[in-house]
Amino acid sequence: MSITVVGTMAFDAIETPFGKTDKIIGGSATYAAYAASNFVQPIQQISIVGYDFPQEELQAMQSRGIVTDGVVIVPDKKSFFWSGKYHLDMNTRDTLITDLNVLADFNPNVPESYQGSEFLMLGNLVPAIQKKVIQQFNKRPKLIVLDTMNFWIETAFNDLKEVLTMVDVLMVNDSEARQISGEHSLVKAAKKILNMGPQFLIVKKGEHGALLFNESNVFFAPALPLEDVFDPTGAGDTFAGGFIGHLAKTQDISFSNMKTAIIIGSAMASFCVEKFGTERLKEVSKKDIDTRVQEFVQLVNFDITLV
Ligand code: AMP
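In terms of the numbering used here, the numbers along the sequence shown are unbroken and rise by one, the last being 291.
This is the structure in C-alpha cells:
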C-alpha cells in the first residue's frame, strides 16, 4: 500500500521564544513523509529542490522508505526557503521570508511508478500544482487530502477553490478555516467549506487540538499537554502524515476511522514539536508512538454517572 506525498522540501530558519536556528531542513512534504513512513511504506514523494539541498538528507529519507523518484533537483537554483518567528504563545507566528526559488517554476511530473497510489497527500504547496498532480493520476486515488496555508489563500484563492472541488479532506488551521469561509464560527465555517467540495474538514487548533467535521458529525481530538514545546514548525504536516498513514495502513476511510486517525496525527505532531525541525521525528520508534497514543486515550477517558 503506497501513499503519494506532494509538497515542499525546503530550508527553514526558525525563531521561537526558546531558540533560533540557521537554515535547517523543513518543508511540508518532508514532515508529512517522515510521519507517514511510520505506518506505510513506500511513501512516494513529489517535490522540487535546488542544488543546495543535501544529498544526505535525500538518502536519510530513502532509508525510511521514502521514494524520491518524483523529487526534481534543479542544478542552478536554490531550494525553497521559509523563515518564521513564533509569538510567546507558540500558537501564532509571523512569516518573515518566503523565497520561492525552485518552486516558482515547478511543473510536477507524476512518475509512472507512482500510478495506482490509493492515498494522496497534497501538502501545503501552490494550489495550481496540487491540481496538476491530481490530474496526472490515470486512476483517481481513493482518498485525496489537501493542506494549504494563509499565503496561498491570499495569493491564489481562485486556484485553491478549484482544487477544493477535487479533494476529499481539507486540513487547515482555525484561522485559515475562517479566512477561506469568511465565518468566525468554526461550525458555520465547516458548513461553508464542506459546500465547496471536500466531504471532510479537519480544523487544527494547535495546542487546543483538532476538530473533524463531515456533513452530519463532529469529533474533537485534544493535543497532548506538553511541558515544553520547542518548535511547532511542521506540526501540521506531521499531523497530516500520521493521519493519512493510519488510514492507508488500515484501508478504512470511514468517519469513525478518521477519528482514530486524528488521534494518531496528534500523537505524531506531539513528537514533532519537542525538538527543532525534523530531528525528533527521525528518532521515534513504533513503541514510542504506541505509548504516546495510549497517553491520548488516558487524557480523554472518563466515567460519568448522571445523577
Ligand atoms: P506547518 O508548521 O505544518 O504549517 O509547516 C511548516 C512548513 O511549511 C515549513 O517547513 C516550511 O518550509 C513550509 N512552508 C512555509 N511556507 C510555505 C508555503 N507558502 N508553501 C509551502 N510550504 C511552506
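Where is the CB? At the ideal position from N, CA and C, for every residue including glycine.
- Residue nearest to A205 within the set N241, S67 and M105 is N241 (criterion: CA-CA distance).
- Straight-line spacing of the CA atoms in N142 and K271 works out to 44 Å.
- Non-local beta-carbon contacts of H168 in its own chain, meaning distances under 8 Å to residues more than five positions away in sequence, involve R162 in chain order.
- Rounded to the nearest angstrom, the gap between the Cα atoms of A207 and S47 is 30 Å.
- In this structure, I50 is the residue among I50, L87, E138 and D83 with its C-alpha nearest to the C-alpha of Y98.
- Within the region 161 to 199, complete beta strand (DSSP E) segments of at least 3 residues are found at 184 to 188 and 194 to 197, given in chain order.
- Around the beta carbon of Q28, 16 or more other beta carbons lie within 10 angstroms, which makes this residue buried.
- Residue environment analysis places A194 among the buried positions, since at least 16 neighbouring C-beta atoms fall within 10 angstroms of its C-beta.
- Distance from the Cα of L72 is smallest, within the candidate group V55, L185, E(-1) and H230, for E(-1).
- Among the bridge pairs identified by DSSP, K4 is matched with E(-1).
- Taking one beta carbon from each stretch, the region 173 to 180 and the region 230 to 238 have fewer than 3 pairs nearer than 8 Å; the two do not touch.
- In this structure, A(-6) has its beta carbon less than 7 Å from a heavy atom of ligand 1.
- Counting along the chain, the unbroken beta strand (DSSP E) around Q28 starts and ends at I27 to G34.
- Not one heavy atom of ligand 1 is found less than 7 Å from the C-beta of P111.
- Here DSSP, grouped into helix, strand and coil, assigns K266 to helix.
- Ligand 1 never approaches S159 closely enough for any of its heavy atoms to be under 7 Å from the residue's Cβ.
- From the listed residues V86, T52 and F184, the smallest Cα separation to Q25 is found for T52.
- The beta carbons of N22 and I186 sit no closer together than 8 Å.
- No heavy atom of ligand 1 is found nearer than 7 Å to the CB of Y70.
- Here the distance from the Cβ of N85 to the nearest heavy atom of ligand 1 is not below 7 Å.
- About 7 Å separates the CB atoms of T132 and P111; that is less than 8 Å, so the two are in contact.
- R77 sits in a strand when the DSSP states are folded into three classes.
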